[in-house]
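>
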């Protein structure tokens, strides 16, 4: 603890020196905090998106569920934390309803509550809610959820009903301070759907075939004036989920489509350029995309087939070539009906296991476990025998999960 | 989320029961109170080969939205009468549209984004004041589809793509002849304005159309009391495309515990000919007549307006939205507990819950007033033209095609685009898709995900799409 009382207020030289020492100390403390390795182990967290009313729960409203991740990818140590708000039990595939942000020794988990239009801050260290944070009075997400994306300083929230993008300053203690919001709508009337951020760039999809980028260097998004219909949208392939390469060169879109369609836009100029569409499989809907940590692969969730697809990615040229696809994962259609945005086990290489949220009926969801085997030019995706992880007590409607530690970009 | 909805319903129904009494106001006829005797809809019969009638179409929002076809009977206004015609008869129906209810815009969107938007693929009226030329698709526009009848899809008959009757238009006249070879049976009429059908049907705009002569092809119904039952849904949020709490109704009377059930009164042990239509937009029902808890045999006479080849008995009848079933019921003995029951239907992992529930109590009493009886069966078979589609099953196809359905969706709540294609073609070309403005209302027909009846909204557009593929 710094004791200011040792500084004489009448000795300007000593005061100046002490202030400098204090400043240096604080800077060093701050840097040490930023660099500190979290004491929180690897974990997977789900946004259960539980709507009200729901029976026989030990908690009220929605919840997140933490699982610890073993080195072999197995998950265990389940812990359910009430978010203090309510979910809606579904919505857009492309809206990531949970974000993970390291903060000193802790890891902040932010989970959106679509029905109550708030964002819960949760300490991964203590599994306690730090607060429920609201945007403006018009920011509402009850139609199709509230998507989240965050860097170390800001958390952005896409509200599906009001079609607004809220900006929150991430504060110590996993708190949020609302900064402002902007209204954003697609060229064809679509509402905010998918979102990714990288450096000063935010890329948005609207679920109506159009896409747009924003400059977030000042915190609140400012349109780059590049709204456009994607190339695929002319053939009814509608960009939904989006990811951005580590160097910020390319934005990659996963499409709602009757075949597995992924589109790539060169954003190295700071604006979206016309997308190039690639068909990399025949499965219905490819609304979620996720680059592997080494950027050699793009993982695609085939939402309406209950399957996943991997495609090879050339991060130099931005070109995509077909890879491999799983069949429908265990329990598809019989016990769950949509695959949500998947997450990767590891922050390096090809990412290890692939965790797939499985949106269930009757409030019971599961998480599929898929293993990739790749030679660099060919690959296979196979579901583990232990898959899926099912817990019938969560009453969840699972479309979003997040992993810590996350991929570094 | 089936369990969720069950709980929502319980909460909703308990609350709605209190509010029902204040649901009615001026405009639409007052609907029957809970727990009262179920009567047949008002009957309109053709005379000398013609049935001429006039409907006003109005709306009002109380606890539930009511969109009502009003016929001015001599005893006062009645809602959605049953139209009785015979093969070869003419129907002349004048419809004066005076709908006034406009659903609120989606949250966060201004008035410009309301239902005033033009539907892609539809034209503005090419000729002012000509409802046959298409127009803007608004919630106060309408038209009528005569479901199941084999009549031409042309304006003033059964055209529903470009017929657009606005709420300021003068009376619009439907005029057509029921084909002489149309099968006797139960058909139904309802609005079919693309993009607004669900809203209007959820408001109750549907009625029965019966082509007479069933006793001529199935003698056992001759002389039986003819009971017409129409199952509808009423929604708290009638404009919602996300499944939400609703009540089933039977001839406009809510069938929703803890409200008292509708009462079907029959003479003890009487045989009746029941003609049941599922005029709901989303509910799948499995019908049964229970004595105590035991399902009784009913004799199936016709399904979807077509007499079955050989009548048969069963203890349950599945009716998807728009489905009709006609069957003979033998009533309970005096004092015996009995009910008209829907035993539920599983529409798949993301389908709406269709939970078991009673639709009505059946009360056997000598005081029961039986509905009008059908004519007696003719003593000798009546010669008639071969029914439509006769011999279709014996035709040898010259070419076979496989048709595939697919969907693209942004999420579990839609919006969803539906596609159709044939072998060797990608389902991506524009003629093959249902355009975006349509998909909003049709999101529940998740082909491949749901058991679906490809319900009443689908065929015309799909046939058009198939046609464009085959050209």
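Residue numbers (my numbering), protein chains in the order written: chain A, 60 to 468; chain B, 1183 to 1653. Glycine included, C-beta positions come from ideal geometry on N, C-alpha and C.
Drop a sphere of 10 angstroms on the beta-carbon of residue 1494 of chain B, count the other beta-carbons inside from all chains shown, and report buried for 16 or more, exposed for fewer.
exposed
> I'd like to check one pair, residue 1373 of chain B with residue 1324 of chain B: are the Cβ atoms closer than 9 Å?
yes
> Looking only at C-alpha atoms, which of B/1572, B/1272, B/1570 and B/1520 sits nearest to residue 1547 of chain B?
Of the candidates B/1572, B/1272, B/1570 and B/1520, the one whose C-alpha sits nearest the C-alpha of residue 1547 of chain B is B/1520.
> From A/309, A/341, A/354 and A/318, pick the residue whose C-alpha is nearest to that of residue 333 of chain A; which is it?
A/309
> In chain A, which residues lie less than 8 Å from residue 1492 of chain B when you measure between Cβ atoms?
Per Cβ cutoff of 8 Å: no residues; residue 1492 of chain B is ~36 Å from chain A at best.
> Leaving out the 5 sequence neighbours to the left and right, which residues in its chain are closer than 8 Å to residue 1513 of chain B when beta-carbon positions are compared?
1448, 1449, 1450, 1451, 1452, 1453, 1454, 1520, 1544 and 1546
> In angstroms, rounded to a whole number, what distance separates the CA positions of residue 1625 of chain B and residue 1230 of chain B?
Its pLDDT being 28, under 50, residue 1625 of chain B is placed unreliably in this model, and the value from its coordinates should be taken loosely. If I take the Cα positions, the gap works out to 44 Å.
> Applying the 10 Å Cβ sphere with the 16-neighbour rule, what's the burial state of residue 128 of chain A?
buried
> Check residue 1563 of chain B in the structure and name its three-state DSSP category.
Correct three-state label for residue 1563 of chain B: coil.
> Please return the same chain residues whose Cβ sits closer than 8 Å to the Cβ of residue 1352 of chain B, not counting the five positions on each side in sequence.
1278
> From the beta carbon of residue 397 of chain A, is the nearest beta carbon of chain B less than 9 Å away?
yes
> Determine the extent of the beta strand (DSSP E) in which residue 431 of chain A is found, giving its start and end residues.
425-433
> Enumerated in chain order, which unbroken segments of the alpha helix (DSSP H) with a length of 4 residues or greater are wholly contained in the region 1309-1369 of chain B?
none
> Please list the residues of the region 1577-1605 of chain B that have a C-beta atom closer than 8 Å to any C-beta atom in chain A, keeping them in chain order.
The residues in question are 1588, 1589, 1590, 1591, 1592, 1593, 1594, 1595, 1597, 1599 and 1601.
> Taking only the alpha-carbon atoms, compute the straight-line gap between residue 1389 of chain B and residue 1462 of chain B and give it to the nearest angstrom.
In this structure, the straight-line span from the alpha carbon of residue 1389 of chain B to that of residue 1462 of chain B is close to 11 Å.
> Is residue 1397 of chain B helix, strand or coil by DSSP?
Note: residue 1397 of chain B maps to helix in three-state DSSP.
> With residue 307 of chain A and residue 258 of chain A assumed to form a contact (beta carbons below 8 Å), what rounded beta-carbon distance in angstroms separates them?
5 Å
> Among the residues of its own chain, which have a CB less than 8 Å from the CB of residue 436 of chain A, if the five just before and after it don't count?
371, listed in sequence order.
> Taking residue 1275 of chain B as part of the beta strand (DSSP E), name the residues at either end of that continuous run.
1272-1279
> In the DSSP assignment, the beta strand (DSSP E) including residue 347 of chain A goes from what residue to what residue?
347-350
> If we cut at 9 Å on Cβ distances, does residue 1291 of chain B have a partner in chain A?
Below a pLDDT of 50, predicted positions are generally treated as unreliable, and residue 1291 of chain B, at 44, falls in that range; no measurement from the model is reported.
> Return the chain-ordered ranges of every beta strand (DSSP E) run that is complete within the region 102-185 of chain A and spans a minimum of 3 residues.
102-106, 122-128, 134-141, 157-162, 165-172 and 177-182
> Within 9 Å (strictly less), CB to CB, does residue 245 of chain A reach chain B?
no
> According to DSSP, is residue 408 of chain A helix, strand or coil?
If DSSP states are grouped into helix, strand and coil, residue 408 of chain A belongs with coil.
> In the DSSP assignment, find the beta strand (DSSP E) that holds residue 1485 of chain B and state where it starts and stops.
1480-1485 is the span of the beta strand (DSSP E), which, as asked, contains residue 1485 of chain B.
> Should the region 1265-1283 of chain B be regarded as contacting the region 1400-1411 of chain B, the criterion being three or more beta carbon pairs within less than 8 Å?
no
> Leaving aside the five residues before and after residue 1203 of chain B along the sequence, list all residues of the same chain whose C-beta is less than 7 Å from its C-beta, in chain order.
Note that residue 1203 of chain B scores 32 on pLDDT, short of 50, meaning its location in the model is unreliable and no value can be drawn from it.
> In whole angstroms, give me the CA-to-CA distance for residue 1437 of chain B and residue 1220 of chain B.
11 Å
> Give the single residue among A/162, A/148, A/441 and A/204 whose Cα lies nearest to the Cα of residue 232 of chain A.
A/162
> Thinking C-beta only, is residue 139 of chain A closer than 9 Å to residue 153 of chain A?
no
> If you measure from the beta carbon of residue 472 of chain A to each beta carbon in chain B, is any gap under 9 Å?
As shown, chain A starts at 60 and ends at 468. That puts residue 472 of chain A outside it, with no answer to give.
> Among A/255, A/458, A/335 and A/211, which one has its Cα closest to the Cα of residue 293 of chain A?
A/335
> Please go through the same chain and pick out, in chain order, the residues whose beta-carbon is closer than 8 Å to the beta-carbon of residue 227 of chain A, but skip the five residues on each side of it.
178, 192, 194, 213, 214, 215, 216, 235, 236, 237 and 238
> Do you know how far the Cα of residue 264 of chain A is from the Cα of residue 386 of chain A?
28 Å
> Determine, using beta carbons only, whether residue 472 of chain A and residue 396 of chain A come nearer to each other than 9 Å.
Because chain A here runs from 60 to 468, residue 472 of chain A falls outside it and cannot be looked at.
> Residues of chain B with CB under 7 Å from residue 166 of chain A, in chain order?
By Cβ distance, chain B contributes nothing, its closest Cβ being about 28 Å from residue 166 of chain A, past 7 Å.
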